[in-house]
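Engineer:
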Amino acid sequence: RVGNAEIPNHKRLQISLQYIHGIGRSRAHQILVDLSVQNKLTKDLTGVELNALKEEVSKHFTLFGGIQKRCVSGDVQKLIDSGCYRGIRHVDMLPCRGQRTKTNARTRKGEQVTFAEVNSVIARWNF
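Take any residue in the sequence shown, note its place counting from 1, add 162, and you have its number in our numbering.
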């Protein structure tokens, strides 16, 4: 376990570090450069290298894993509680950063429902 996350043993170290939430390609590469460790399989690490890796990750990245997820969800909750525009957009599950929603935003809005499908559902309710 490194950074409160299980990293896979059968993958190279640079890829394994990316399993920690908050560490991507560039940060994983930077960690390896700082430690001057080769990009070998995780299971081939010695105990000294593994301890140095844990210290490096915890020293430079205070917010990663579950802690970062809690901080982000707390920030979103503050926006929702304040009732600002971005908070309302989060509640309505719409984009918050000015993207168009007439034709796009299918990820946030969900699958498209045609007008004919809506009318058929209403007709069933009215008997």
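We put the beta carbon where it would ideally sit given N, CA and C, even for glycine.
I need the straight-line Cα distance from Q180 to R268, nearest angstrom please.
Structural biologist: 28 Å
Engineer: Closer than 7 Å by C-beta to D196: which residues in its own chain qualify, once you throw out the five before and the five after it? Chain order, please.
Structural biologist: E218
Engineer: Out of I229, I193, Q230, state which residue places its alpha-carbon closest to the alpha-carbon of L212.
Structural biologist: Residue I193 is the option with its Cα nearest to L212.
Engineer: Please tell me whether N201 and L241 are closer than 8 Å, where the distance is taken between their beta carbons.
Structural biologist: no
Engineer: Run through DSSP, which three-state label would A267 get?
Structural biologist: coil
Engineer: For the candidate residues S282, L215, N266, K231, whose alpha-carbon lies nearest to that of I169?
Structural biologist: L215
Engineer: Based on the DSSP secondary-structure assignment, which residues constitute the bridge partners of A167?
Structural biologist: V164
Engineer: What residue range does the alpha helix (DSSP H) around V195 cover?
Structural biologist: 187-197
Engineer: Helix, strand or coil for R174, going by three-state DSSP, please let me know.
Structural biologist: strand
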